[in-house]
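Chains as they are written, first to last, in the numbering used here: chain X, 168 to 393; chain R, 9 to 416.
In this text, a Cβ means the ideal position worked out from N, Cα and C, and glycines have one as well.
Read through the structure below, which is laid out as structure tokens, and then see the notes.
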């Protein structure tokens, strides 16, 4: 299988005043298309920093990051925005939907920035909502939806652009156990349809849904079940 | 990202905080409304002045007799009767910059027709008078040189006099009595309206100069005229004509050395030009005050936009994570600010136009709302939005997506 993500000796150093903190100390791994990976670790282990770099929200201090064969490290902020828009889908812990905006328009949002016309946007958004089991909730505002439904909207938004990878940052952190199971089985289903998923979590039972677990500690990988 | 979508997003953001959007707009609304109203009132004023200038006639010089002293009592200006019809002839003949001149006499008295009567100003003049004042005949005929030479008892009515004596009937051919002397009405003058001093110019009756000198004015010499009205050949020659008249009359009246002249000249256009200029300066001043309120309104917009950017930091983070570029965010917040000010501008234009209409109704003061002032106000309100919206929008676009997403 082809490699969707290839990290080589990634370092990330934060400078605060005259203090330097190395959040990632030379991390290398690769993820193939169709994998479902859980990135684990305690807070401060570097997993969130790694996630930000994977999500093209942050750039490594050194090292090479190939996403779908593209060297992301060499890109400027506008190109990175384009990559986030076309290659990546984000699912956050706090759902991060736009309030006072109907669910379907939340799902459409990435397509708005991709420059699609409204009819095409609506078609794709409705298909994505169908895929996550939210048909009929198109016009509900986030405040009218349960936590699980909101997270489904967020997943639909991540899916709508047909991304190479879906990045989920603690996707079940704000959900109760039954909803967690629901969302995780949705991820599993999507993964079976061939979608690559990378998920950050600190809960072992959630990580167990993934086919592969990568564990971080103090900026290094200490375990990879591959 | 297409523009329509940007506008849609901006409108939704403005709708979310309706009260706040309205209060923010209020500064612009008041600013634009006052600009529009001030400009309307100001250009109405200069319109009135230019109308009045036109109603007097152009390039006019008045020659007024000076004061006399009799028994230690000085009469006011115009009290003496020092000007004669011969002065008029001399001016016409010897002043090259003068186009036309007419002597006038002025009296007032009761005019009677049937059982109607009306007190009005009675003017004696020559045919040139009407040419100088650019005053046409609405009905009937004007005063001719023959009328003047023969001292014929005919008269021309101003519209106000005609209305008051004859109502809607045609006065031409009827006999009216002026100071108990019968006069035939030969015509009615066109309506002239108010003079710059605010008097009704149509409340007058004209008779041939010599008729007036003989029958209506008590004076030592029937050749005397009350005042001279002179038209210069052009605007440029106005001052020159005035000088020529002054030197000619000084010579004719033997005014030399320290002797006080027994006449004075007045250049009406000059006075009116000054009046027009002061009204322009006034509207400029009002405009400046209004612009200051617009700037204050703009600062209000900037303030609220900054608050809005802070409040929506998380939204900005989401949009950036999902693929919004810096420019998309910049454009979105700029659009919001410009929409806010343009909407305020439109409301302000409506309010200002309405206010100007109320002013013109209540104070009977004409107001002019030009397309130009409306478009200037509209463009200006947009410009205020761009200017004061840029800083907050740039601040939003410069946010780091990671920090923005984590913002609580």
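Counting C-beta neighbours from all protein chains within 10 Å, is the total for residue i 16 or more, i.e. buried, or is it exposed?
i, result
"residue 33(R)", "buried"
"residue 353(R)", "buried"
"residue 388(X)", "buried"
"residue 262(X)", "buried"
"residue 302(X)", "exposed"
"residue 318(R)", "exposed"
"residue 251(R)", "exposed"
"residue 338(X)", "buried"
"residue 27(R)", "exposed"
"residue 244(X)", "exposed"
"residue 411(R)", "exposed"
"residue 371(R)", "exposed"
"residue 282(R)", "exposed"
"residue 360(X)", "exposed"
For residue i, does the three-state DSSP call read helix, strand or coil?
i, result
"residue 217(X)", "helix"
"residue 273(R)", "strand"
"residue 238(R)", "strand"
"residue 399(R)", "helix"
"residue 58(R)", "helix"
"residue 366(X)", "strand"
"residue 114(R)", "strand"
"residue 296(X)", "helix"
"residue 347(R)", "helix"
"residue 383(X)", "strand"
"residue 250(X)", "helix"
"residue 147(R)", "strand"
"residue 19(R)", "helix"
"residue 133(R)", "strand"
"residue 361(R)", "helix"
"residue 47(R)", "helix"
"residue 96(R)", "helix"
"residue 128(R)", "strand"
"residue 308(R)", "helix"
"residue 418(X)", "Chain X is shown from 168 up to 393; residue 418(X) falls before or after that span and cannot be answered."
"residue 136(X)", "Here chain X comprises residues numbered 168 to 393, so residue 136(X) is not present and cannot be evaluated."
"residue 259(R)", "helix"
Which same chain residues, not among the five before or five after residue i, have their C-beta less than 7 Å away from its C-beta?
i, result
"residue 351(R)", "33"
"residue 21(R)", "344"
"residue 137(R)", "110, 112 and 237"
"residue 18(R)", "340, 343, 344 and 347"
"residue 398(R)", "342"
"residue 267(X)", "308"
"residue 357(R)", "40, 44, 382, 385 and 386"
"residue 415(R)", "321, 322 and 325"
"residue 192(X)", "178, 386 and 387"
Within the same chain, show all residues whose beta-carbon is closer than 8 Å to that of residue i, passing over the 5 residues directly before and after it, in chain order.
i, result
"residue 169(R)", "119, 126, 128, 210, 211, 212 and 213"
"residue 315(X)", "342, 346, 349 and 350"
"residue 418(R)", "The requested residue 418(R) does not occur in the structure, where chain R is confined to residues 9 to 416."
Please look up how many angstroms separate the CB atoms of residue i and residue j, rounded, as I've assumed it's under 8 Å.
i, j, result
"residue 35(R)", "residue 304(R)", "6 Å"
"residue 287(R)", "residue 57(R)", "6 Å"
"residue 326(X)", "residue 256(X)", "6 Å"
"residue 365(X)", "residue 204(X)", "5 Å"
"residue 190(X)", "residue 213(X)", "5 Å"
"residue 133(R)", "residue 217(R)", "6 Å"
"residue 313(R)", "residue 409(R)", "Going by Cβ atoms, the distance from residue 313(R) to residue 409(R) rounds to 20 Å, so no, they are not a contact pair."
"residue 322(R)", "residue 413(R)", "7 Å"
"residue 192(R)", "residue 183(R)", "6 Å"
"residue 223(R)", "residue 189(R)", "6 Å"
"residue 215(X)", "residue 373(X)", "Actually they do not touch by this definition, with Cβ atoms about 16 Å apart."
Spatial neighbours of residue i within its chain, please: CB distance less than 6 Å, with the 5 preceding and 5 following residues excluded, ordered by chain position.
i, result
"residue 304(X)", "270"
"residue 200(X)", "168, 169, 171 and 363"
"residue 195(X)", "174, 175 and 176"
"residue 275(X)", "288 and 292"
"residue 220(R)", "113 and 132"
"residue 225(X)", "219"
Could you please tell me which residues of the region 321-334 of chain R, in chain order, have their CB closer than 9 Å to any CB of chain X?
Going along the region 321-334 of chain R in chain order, one finds 322, 323, 325, 326, 327, 328, 329, 330, 331, 332, 333 and 334 with a Cβ nearer than 9 Å to chain X.
Taking beta-carbon pairs under 8 Å, can you tell me which members of the region 216-241 of chain X lie near chain R?
Residues of the region 216-241 of chain X whose Cβ lies closer than 8 Å to any Cβ of chain R, in chain order: 219, 222, 224 and 225.
Residues in the region 362-392 of chain R having any Cβ partner in chain X nearer than 8 Å:
Taken residue by residue, none of the region 362-392 of chain R has a beta-carbon sitting less than 8 Å from a beta-carbon on chain X.
Anything in the region 179-196 of chain X with a Cβ closer than 9 Å to a Cβ of chain R? List those residues in chain order, please.
Answer set for the region 179-196 of chain X: empty.
Using a Cβ-Cβ cut-off of less than 7 Å, list which residues of the region 23-51 of chain R approach chain X; keep chain order.
For the region 23-51 of chain R, which is checked against every Cβ of chain X, the residues closer than 7 Å are 24.
May I ask you to list, following chain order, the residues of the region 391-415 of chain R that have a beta carbon less than 8 Å from some beta carbon of chain X?
Those would be 409, 410 and 413, in chain order.
Members of the region 12-23 of chain R near chain X, C-beta cut-off 8 Å
Answer set for the region 12-23 of chain R: 13 and 20.
By the 8 Å beta-carbon criterion, what residues does the region 240-256 of chain X contribute toward chain R?
Those residues of the region 240-256 of chain X that come within reach of chain R (Cβ to Cβ, closer than 8 Å) are 244, 245, 248, 249, 251, 252 and 253.
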